Amino acid sequence: MDIARRFSNFLFGMDCLGCGTTSERLDPWLCPKCREAVRNEGRCAKFPNEDTLCLFPMRALTRSLVHVLKYGNISGVASYLVRNSSLGRGGDAVEFFSVYAKPFFFVPVPLHRARYRERGYNQAEKIAAAFASATGGSVCRWLWRKTFHVSQTKLSREQRQWNVAGAFAARLPAKVPSRGTVFVVDDVYTTGATTSACVSAFGKDFPLPVKVCTLLFDEPATAAMDYVADCRMEWDV
Ligand SMILES: [Zn+2]
Numbered sequence: 106m107d108i109a110r111r112f113s114n115f116l117f118g119m120d121c122l123g124c125g126t127t128s129e130r131l132d133p134w135l136c137p138k139c140r141e142a143v144r145n146e147g148r149c150a151k152f153p154n155e156d157t158l159c160l161f162p163m164r165a166l167t168r169s170l171v172h173v174l175k176y177g178n179i180s181g182v183a184s185y186l187v188r189n190s191s192l193g194r195g196g197d198a199v200e201f202f203s204v205y206a207k208p209f210f211f212v213p214v215p216l217h218r219a220r221y222r223e224r225g226y227n228q229a230e231k232i233a234a235a236f237a238s239a240t241g242g243s244v245c246r247w248l249w250r251k252t253f254h255v256s257q258t259k260l261s262r263e264q265r266q267w268n269v270a271g272a273f274a275a276r277l278p279a280k281v282p283s284r285g286t287v288f289v290v291d292d293v294y295t296t297g298a299t300t301s302a303c304v305s306a307f308g309k310d311f312p313l314p315v316k317v318c319t320l321l322f323d324e325p326a327t328a329a330m331d332y333v334a335d336c337r338m339e340w341d342v
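Position in the sequence shown (from 1) plus 105 gives the number in our numbering.
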């Protein structure tokens, strides 16, 4: 946080990004109560399968933080979440990474160029940078999106898989590293359709293992509610 913002926060108080309460004690995004709630949610990472790490469950609070990251371009939220997760605080996410060979290459799920132009940034790159800084890895833009697709949020599980299969292609450096691990990075893991299309884009002959890490895991029990919220969100943004 820059000094001017810190100073104005100190003088006038700011709204907590979680609950909206005006507080003089934001740190810098959340009031102490919401910060504690985030740390509790991040105590145990989620593993939808053995190759995938998600730092937080999808809850109203974590969801609104990722929404701010995605649509509000407050990129510090990505590293804030990582710092307050089990990766930043020495929990099971650290163990997940300890299994894999270094160096780590964090590859953001790419936005289509038109969406990138409209938004001006790709939130997955900011999340990849936060993972890279927490683990000593690097961010690599090794994927690109081939065709424009309808937003995933309005589609069923089957439609999502169909929508993204083959949507990504790898754009690798001339000399692919001979050791290390690739992690495809996205904001939310829901059905896994997007990230598995990204993993497939590396192809069978790619020499390094390819894993997945995201900030949030949208558990099946809440997916229906999120679908409704996402539809509503279309009207907000
Ligand atoms: Zn709050």
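Where is the CB? At the ideal position from N, CA and C, for every residue including glycine. None of these values were measured; they are calculated from a predicted model.
Where Arg246 falls, given that 16 or more other Cβ within 10 Å makes a residue buried: exposed
Backbone secondary structure at Leu122 - three-state DSSP: coil
For ligand 1, I want to know if Gly123 counts as a neighbour, meaning its beta carbon is within less than 6 Å of at least one of the ligand's heavy atoms. yes
Would the beta-carbon of Thr126 be found less than 6 Å away from any heavy atom of ligand 1? yes
Using alpha carbons as the reference points, say which of Val199, Asn178, Leu192 and Ser261 lies closest to Tyr221. Asn178
Do Thr286 and Tyr205 have their C-beta atoms within less than 7 Å of each other? yes
What span of residues does the beta strand (DSSP E) with Pro162 cover, start to end? Thr157 to Pro162
Going by DSSP, which residues form a beta bridge with Lys151? Cys159
With respect to 6 Å, is the separation between the Cβ of Cys303 and the closest non-hydrogen atom of ligand 1 below this value? no
Rounded straight-line distance, which links the Cα of Glu223 to that of Gly193: 32 Å
Hey, Ser180 and Leu186 are a contact pair by Cβ (cut 8 Å); roughly how many whole angstroms apart? Between Leu186 and Ser180 the Cβ distance is about 11 Å, and since that is not below 8 Å, they are no contact.
Between Cys124 and Arg144, what straight-line distance do the alpha-carbon atoms span, to the nearest angstrom? For the pair Cys124 and Arg144, the Cα-to-Cα distance works out to about 15 Å.
By the 10 Å Cβ neighbour count, where 16 or more other Cβ atoms means buried, how is Glu146 classified, buried or exposed? buried
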